[in-house]
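Residue numbers (this note's numbering): 614 to 846.
Even glycine gets a Cβ: it sits at the ideal position worked out from N, Cα and C.
Because the structure is a prediction, the values reported are computed rather than measured.
Have a look at the structure below, then the notes.
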Amino acid sequence: MSIRLEIIDDDRWAESVANRWAAYMEERPEARLCLPTGNTPRPVYALAGPSIDFSQATLFLLDEFGLPKGDPARCDAMLHRDLLAGLAQPPAFLHTLDVQAADLDEECRRFEDLTDDGGLDLTLLGLGGNGHVGLNEPGTTAQAPTGVVRLASATKSAADRYGADHEPEWGITLGLRPILDSREIWLLVTGSNKAEILRRMLNGPIGPDLPASYLRSHANTVVFADQSAAGTL
614 MSIRLEIIDD DRWAESVANR WAAYMEERPE ARLCLPTGNT PRPVYALAGP
664 SIDFSQATLF LLDEFGLPKG DPARCDAMLH RDLLAGLAQP PAFLHTLDVQ
714 AADLDEECRR FEDLTDDGGL DLTLLGLGGN GHVGLNEPGT TAQAPTGVVR
764 LASATKSAAD RYGADHEPEW GITLGLRPIL DSREIWLLVT GSNKAEILRR
814 MLNGPIGPDL PASYLRSHAN TVVFADQSAA GTL
């Protein structure tokens, strides 16, 4: 298993990851970054926003719920609240997914072409309770392209926790293929509620039943887990 696991005390987890990110960006100020949203990266973003210079970086949003513009649970809205609003200067480029595009298949191709043109230097991911990464739900293969996906019930419930005005039925996600083509991947995992799925992701079979398990075949993946999430390892 080429994946690297770093277990960090709960109260030091966000600061430790933010510090690692700051060091990464100092060495690669023009990095091309793919970023998730949600509860797990939020404390990291709160520390990173005021302290890291993203003015030369290119940011890609990992996924987006099929919600109307202005819904507080949209991923672009969360990224703005949690990270972008705290930056001294905006990133050089920010690429998001347009779930209201007239041709969603063409929008998926457009976005994937952008990620492929130069590749992704670093992709940050959270670990879904059912093993998804991005919105790549169970059943997704390692070669899956960026696409429109139907959301699992647990993923819909997550959107409710983010304050969705309407529960989304679908979304667009960067596919596992371009995720796994990233030069480096950081999987962020916190909380005892993620302990069992993290154990399965690290020790169970690699395959579509648990899409995050494919990260074990990547040459440069680091799992940053807090003590609570690592409780069953």
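message = I'd like the span of the beta strand (DSSP E) that includes T768, first residue to last.
response = Translated into the one-based positions of the sequence shown, residue 768 becomes position 155. Per DSSP, T768 lies in no beta strand (DSSP E) segment; the continuous alpha helix (DSSP H) that holds it begins and ends at 766-774.
key: Span of the beta strand (DSSP E), counted from its first residue to its last, around E677   = Position 64 of the sequence shown holds residue 677. 676-678 is the span of the beta strand (DSSP E), which, as asked, contains E677.
key: Run of the beta strand (DSSP E) containing H708, from where it starts to where it stops   = Working through the sequence shown from its first residue, we reach residue 708 at position 95. Counting along the chain, the beta strand (DSSP E) containing H708 begins and ends at 706-708.
query = Near A808, what residues of its chain come up, given a Cβ to Cβ distance below 6 Å and the 5 sequence neighbours on each side ignored?
reply = Position 195 of the sequence shown, counted from the first residue, corresponds to residue 808. Annotation for A808: A842, G844, T845 place their beta carbon closer than 6 Å to its own, counting only its chain and skipping 5 residues before and after.
S668 burial status per 10 Å Cβ neighbour count (16 or more: buried) = Counting from one through the sequence shown, the residue named residue 668 turns up at place 55. Burial is judged here by how many other beta carbons sit within 10 angstroms of a residue's own beta carbon; S668 has fewer than 16 and is exposed.
request  = Let me know the secondary structure DSSP gives D726 once reduced to three states.
outcome  = Here residue 726 refers to the residue found at position 113 when the sequence shown is read from its first residue. Note: D726 maps to helix in three-state DSSP.
ask   = Could you give the distance in angstroms between the alpha-carbon of R594 and the alpha-carbon of P781?
value = An answer regarding residue 594 cannot be provided, because it is not within the stretch 614 to 846 covered by the chain.
query = If you draw a straight line from the C-alpha of T793 to the C-alpha of L740, how long is it?
reply = Working through the sequence shown from its first residue, we reach residue 793 at position 180. Working through the sequence shown from its first residue, we reach residue 740 at position 127. Per the sequence shown, residue 793 should be read as Leu rather than Thr. Roughly 15 Å separates the two Cα atoms.
query = Under a Cβ-count criterion, where at least 16 other Cβ atoms within 10 Å of its own Cβ denotes burial, should N749 be classed as buried or exposed?
reply = As a working mapping, residue 749 is identified with position 136 in the sequence shown. That one is buried.
N- and C-terminal bounds of the beta strand (DSSP E) containing E619 = Taking the sequence shown and counting its residues from 1, the one referred to as residue 619 is at position 6. Counting along the chain, the unbroken beta strand (DSSP E) around E619 starts and ends at 617-621.
request  = Ignore the nearest five residues each way along the sequence and tell me which others in A757's own chain have a CB closer than 8 Å to its CB.
outcome  = For the purposes of this step, residue 757 is taken as residue 144 along the sequence shown, with counting starting at 1. So the qualifying residues of the chain are N749, G788, L789, R790.
task = Taking 8 Å as the threshold, find out whether the stretch 687-706 comes into contact with the stretch 728-745 through three or more Cβ pairs.
result = In the pairwise beta carbon analysis, the stretch 687-706 is classified as not touching the stretch 728-745: fewer than three pairs are separated by under 8 Å.
ask   = Cβ of A755 within 8 Å of Cβ of Y827?
value = Within the sequence shown, numbered from 1, the residue matching residue 755 stands at position 142. Within the sequence shown, numbered from 1, the residue matching residue 827 stands at position 214. The Cβ atoms of A755 and Y827 lie closer than 8 Å to each other.
message = According to DSSP, simplified to helix, strand and coil, what is G817?
response = Along the sequence shown, one-based indexing puts residue 817 at 204. Under the three-state reduction of DSSP output, G817 falls in the coil class, being neither helix nor strand.
task = Please classify A838: is it buried, with 16 or more other beta-carbons within 10 angstroms of its beta-carbon, or exposed?
result = The sequence position of residue 838 within the sequence shown is 225, counting from 1. Buried: at least 16 other Cβ atoms inside 10 Å.
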